[in-house]
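The sequence shown begins at 1273 in the numbering used here and counts up by one.
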Amino acid sequence: MGNQHHRTPKKSNVLGTISFLEKEKIPHFKSRVFEHFGVSNWQGWEIVRQRRNRRNLQDDPDNPDLEDLEETRGRKRILSPADLRAMEKLIWKYGFEARALTWQALAYEAGVAAEVSWQRPTPQHWRDIRWSDEVHFSLGPEGRIMIIRKSGERHCPDCIQEARAPEPKHLKRLHAWAAIGWNFKSDLYFYEVPGNLNGKMSMQIYRDEILEKAVSPWLARDQFVLEEDGDSGHGTGKNNIVRDWKQQHGLKYFFNTPGSPDLSPIENGWNVVKQYIAKFPSWTEEELQSLAVEGWNTLSQETINRWVDSRSNGCRM
């Protein structure tokens, strides 16, 4: 059976006891001390020899400090003695005692502020985007007529509102798509979705009527990023005909944040068109389409550029 390796606490007990007895000049046998702590004579004298060697190194001016000697026992230190002294000098130099860093200051020290500033969009980034969306116009009235009755007129025949089913012509809606950007304004592209009265965009209609006819010519002459909402007809899934078309034609695009129309300036453009149409009391389908184009033409490029540049302020934290 080989000699047992003794851990540092047991070695400290042996050396501490011998040091105390020698300091108090108490007669003793080191072998009895070794036996008391369960250390063999050979291991005990090896412990004493190592202490004497360390004392000789410390007293020798030609030898380095014990702190600088490489420690071979236990786990390696993460910080060297030189690192600890450098940290201590830094603390004394800048007075870090009794001070605390806020989360913002801590992030700044870690370089997070520089990383966030690099990721924050600049006005030029917004100018590279073309914002797109669909709009729907109803041929018939969508509001309700409200009757305010006076006291005692609950059952008055003249104050009863008759509910009627909407006429077929009033169920039809006019659907259009457009895009705007810095120094850019597209035409209105009208489309129909067969068998769908609410104008829900399908992927086939979006690919054939919008991407092929409207967006494809832009790719040949301009560099831009197309913004779209999260409608499923825009190809939000992983594998579909719309996503395949975008990849084949090299279209750069992104889907805007759901439920945040304020991030898309084209929403303001639709308000301009609807306010213009509201000035006219009634219209046919052909008249409504002409009014929509006229209202779209009233939107100036200067106004669009101002909306695009305001995106930086709208997204500021």
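Every residue gets a Cβ at the ideal spot worked out from N, C-alpha and C, and that includes glycine.
The structure presented is a predicted model; accordingly, all values stated were derived computationally and were not measured.
Reduced DSSP secondary structure (H/G/I, E/B, other) of residue i
i	result
His1308	helix
Lys1297	coil
Ala1492	coil
His1427	coil
Lys1472	coil
Lys1283	helix
Val1565	helix
Glu1406	strand
Leu1341	Note that Leu1341 scores a pLDDT of 47, beneath 50, so its modelled location is shaky; the value from the coordinates is reported in the next line. Leu1341: coil per DSSP, three-state reduction.
Gly1467	coil
Glu1574	helix
Phe1292	helix
Asp1334	Low confidence applies here, because Asp1334 scores a pLDDT of 49, under 50, leaving its location unreliable and the question unanswered by this model.
Lys1457	strand
Leu1560	helix
Trp1579	helix
Ala1550	coil
Ile1452	strand
Straight-line Cα distance separating residue j from residue i
i	j	result
Trp1579	Phe1496	17 Å
Lys1444	Leu1535	30 Å
Leu1560	Ser1404	21 Å
Gly1541	Gly1453	11 Å
Lys1518	Gly1505	13 Å
Ser1572	Gln1476	32 Å
Gly1502	Lys1422	47 Å
Trp1317	His1300	15 Å
Glu1307	Leu1293	16 Å
Arg1321	Trp1314	11 Å
Arg1583	Asn1455	15 Å
Ile1290	Asn1325	16 Å
Leu1351	Leu1362	15 Å
Ala1451	Trp1398	14 Å
Ser1410	Ala1550	11 Å
His1447	Asn1468	11 Å
Glu1425	Ile1513	60 Å
Ser1562	Ser1554	13 Å
Arg1402	Asp1516	20 Å
Glu1339	Asn1285	At Glu1339 the pLDDT is 47, less than 50, meaning the model places this residue with poor confidence; the figure from the coordinates comes in the next sentence. If I take the Cα positions, the gap works out to 22 Å.
His1427	Gly1507	54 Å
Ile1298	Gly1288	14 Å
Gln1520	Met1359	57 Å
Asp1400	Pro1489	17 Å
Presumed contact (8 Å Cβ cut-off) between residue i and residue j, rounded CB distance
i	j	result
Ala1564	Val1544	Not quite, the Cβ-Cβ distance comes to about 11 Å (not below 8 Å), so this is no contact.
Glu1499	Phe1526	6 Å
Leu1523	Val1465	So it is not a contact: roughly 22 Å between Cβ atoms.
Met1473	Glu1406	6 Å
Asp1581	Pro1395	6 Å
Ile1269	Lys1283	For the chain, the structure presents residues 1273 to 1589; residue 1269 sits outside this window and is missing.
Tyr1548	Thr1529	That belief does not hold up - the Cβ atoms of Tyr1548 and Thr1529 are roughly 28 Å apart, past 8 Å.
heavy atom of the ligand SAH below 7 Å from residue i C-beta
i	result
Ala1492	The ligand SAH is not part of this structure, which contains no ligands at all.
*Unbroken stretches of the alpha helix (DSSP H), 4 residues or longer, contained in the stretch 1496-1536*: For the stretch 1496-1536, the full-length alpha helix (DSSP H) segments reaching 4 residues or more read 1513-1521 along the chain.
*Could you tell me whether the stretch 1481-1489 touches the stretch 1450-1461, using the rule of 3 or more Cβ pairs below 8 Å?*
Under the 8 Å Cβ criterion, the stretch 1481-1489 counts as touching the stretch 1450-1461, having at least three qualifying pairs.
*Say whether the stretch 1551-1558 touches the stretch 1570-1577, bearing in mind that this needs 3 or more beta-carbon pairs closer than 8 Å, one atom from each stretch.*
no
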